[in-house]
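Participant:
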Ligand code: GAR
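In this note's numbering, the protein residues as written are 96 to 303.
What follows is the structure in structure tokens.
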């Protein structure tokens, strides 16, 4: 059974999707054993508490640099014997120490079809504002492995939705969450825990 830590910063609807999938028995060979937030006020911590999963808080205020926070995070992950790190709306900068310690073992969910509308500064609602301003007719979500380069690691799963004429960023965000993110993330986590994801350069082969 692989031990999973979920990193969060805000509302935690993706965390909730993972917890719900776990309670339905859909995370095969994996267990969420920790939720770690950089924001002590994150509602995601409440969700963890309700599900009986221990929550931990590591804030930038506690550490002078992003590197110091990252080292503390890696120490906590290792102390908990974590084998998979899931970034589910985790909005703080981390440094190479995390990617080195967890190569091909960190999964992120991003609310667009990478390589569109991603990269430094492109997160949360901004992603959907940019997609609407550009006038795309489809958008969606991507689950990918995390590497040093922001939003550029090998893609695991993607799913599309239509962009509708009267969409606001909030409406499009909700549609992408409901129809893409909350389905893709538990699926990718379960595949990882069953050792069904094989990284070959930029490509991820999914074993049947
Ligand atoms: C989600 O839409 C997630 O894809 C996005 O932040 C939101 C977090 O919501 N992540 C990024 O933009 C990462 N670049 P949640 O806290 O309700 O899961």
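Virtual Cβ for every residue (Gly too), placed ideally from N, Cα, C.
In this text the structure is predicted, and so the values were computed from the model without any measurement.
Kindly list the residues whose CB is nearer than 7 Å to the CB of residue 325, restricted to its own chain and excluding five residues on each side of it in sequence; keep chain order.
Facilitator: Any question about residue 325 goes unanswered here, given that the chain covers just 96 to 303.
Participant: At 4 residues or longer, and completely inside the stretch 199-238: list those alpha helix (DSSP H) runs for me, N to C.
Facilitator: You should have 220-229.
Participant: Grab the span of the alpha helix (DSSP H) containing residue 170 for me, first residue to last.
Facilitator: Run containing residue 170: 161-174, per the alpha helix (DSSP H) assignment.
Participant: Enumerate in chain order the residues of its own chain whose CB-to-CB distance from residue 192 is below 6 Å, with the five nearest sequence positions on each side excluded.
Facilitator: Same-chain partners within the cutoff: 165, 166, 169.
Participant: In terms of residue numbering, what span does the beta strand (DSSP E) encompassing residue 137 cover?
Facilitator: Per DSSP, residue 137 belongs to no beta strand (DSSP E) and is neither H nor E.
Participant: My guess is that residue 161 and residue 131 are in contact by the Cβ rule of under 8 Å, so how many angstroms apart are they, rounded?
Facilitator: That pair is no contact at about 15 Å.
Participant: Are the Cβ atoms of residue 214 and residue 109 separated by less than 9 Å?
Facilitator: No, these two residues do not count as a Cβ contact at 9 Å.
Participant: Closer than 8 Å to a non-hydrogen atom of ligand 1 - does that hold for the CB of residue 272?
Facilitator: Residue 272: yes, Cβ under 8 Å from ligand 1.
Participant: When DSSP builds the beta bridges, which residues end up paired with residue 97?
Facilitator: Partner(s): 125.
Participant: Compute the distance between the beta-carbons of residue 205 and residue 236, then report whether it is under 9 Å.
Facilitator: Closer than 9 Å, so yes.
Participant: Write down the C-beta distance between residue 284 and residue 180 rounded to the nearest angstrom, noting that I regard them as a contact closer than 8 Å.
Facilitator: Incorrect: roughly 11 Å between the Cβ atoms, too far for contact.
Participant: Do you know how far the Cα of residue 137 is from the Cα of residue 309?
Facilitator: Residue 309 cannot be examined here, being either before or after the span of the chain that is shown, 96 to 303.
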